[in-house]
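Novice: Can you read through this structure? Questions will come right after.
Following this line, the structure appears as structure tokens:
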């Protein structure tokens with residue numbers, strides 16, 4: 001956990017992750033990371049957490065640049081689809097990234113709905129005093 005987030009805030013962020021996991025139990029992992037690529041809260045294996053956080057922050061930054069430079073408006077999401085699964089990345093305010101990793105047969109629509117709701121909650125939690 002990044003040191004600038006207190007234990008109460010960290011617990012609240014873990015509750016957001018738990019809510020996503022209850023709604024979509026087939027996910028392989030859920031993470032909140034800083035936009036500079038550090039894991040804040042997650043349920044990924046520790047060996048994967050920092051690597052996933054760094055890649056998610058990179059995907060978010062690249063997606064933002066692409067949408068800006070192509071006049072597509074503000075980035076809504078970045079979805080990476082491989083043969084065996086999805087990685088869905090959302091901005092969660094100015095400081096955080098929400099990441100969901102799921103199998104190829106995961107309900108992508110449900111992932112998107114849950115991510116949008118969670119991103120708002122995360123933003124609110126991270127901006128409160």
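Numbering (full-length UniProt numbering), first residue to last: 1 to 129. Glycine residues also receive a C-beta, built at the ideal position from the N, C-alpha and C atoms. Just so it is clear, the structure is predicted and the values come from calculations on it, not from any experiment.
1. Use the C-beta contact count for residue 26: other C-beta atoms within 10 angstroms, 16 or more gives buried, fewer gives exposed.
2. For the region 27–86, which segments carrying the beta strand (DSSP E) assignment without a break, of at least 3 residues, lie completely within its bounds, in sequence order?
3. Closest by CA to residue 35, which one among 104, 108, 94 and 21?
4. Here's the rule: buried if 16 or more other CB atoms are within 10 angstroms of the residue's CB, otherwise exposed. What is residue 100?
5. For residue 92, which three-state DSSP category applies?
6. Give every residue of the same chain whose Cβ lies closer than 8 angstroms to the Cβ of residue 24, excluding the five residues on either side of it in the sequence, and list them in chain order.
7. Between which residues of its own chain and residue 130 is the CB-CB distance below 8 angstroms, once the five residues before and five after are set aside?
8. Just the C-alpha distance for residue 131 and residue 12, rounded to the nearest angstrom, thanks.
9. Expressed to the nearest angstrom, what Euclidean distance is found between the alpha-carbon atoms of residue 14 and residue 32?
10. Leaving out five residues before and five after residue 83 in sequence, what residues of the same chain have Cβ atoms less than 8 angstroms from its Cβ?
11. Starting from residue 115, follow the alpha helix (DSSP H) in both directions and report where the run begins and ends.
12. Just the Cα atoms here: how many angstroms apart are residue 42 and residue 97?
13. Are the CB atoms of residue 92 and residue 64 nearer to each other than 9 angstroms?
Specialist: The answer reads as follows:
1. exposed
2. 29–34, 39–42 and 78–82
3. 94
4. buried
5. strand
6. 100, 102, 106, 107, 110, 111 and 114
7. Since the first residue shown for the chain is 1 and the last is 129, residue 130 is missing from the structure and cannot be characterised.
8. Any answer about residue 131 is impossible in this case: the structure gives the chain only from 1 up to 129.
9. 9 angstroms
10. 104
11. 108–127
12. 11 angstroms
13. no
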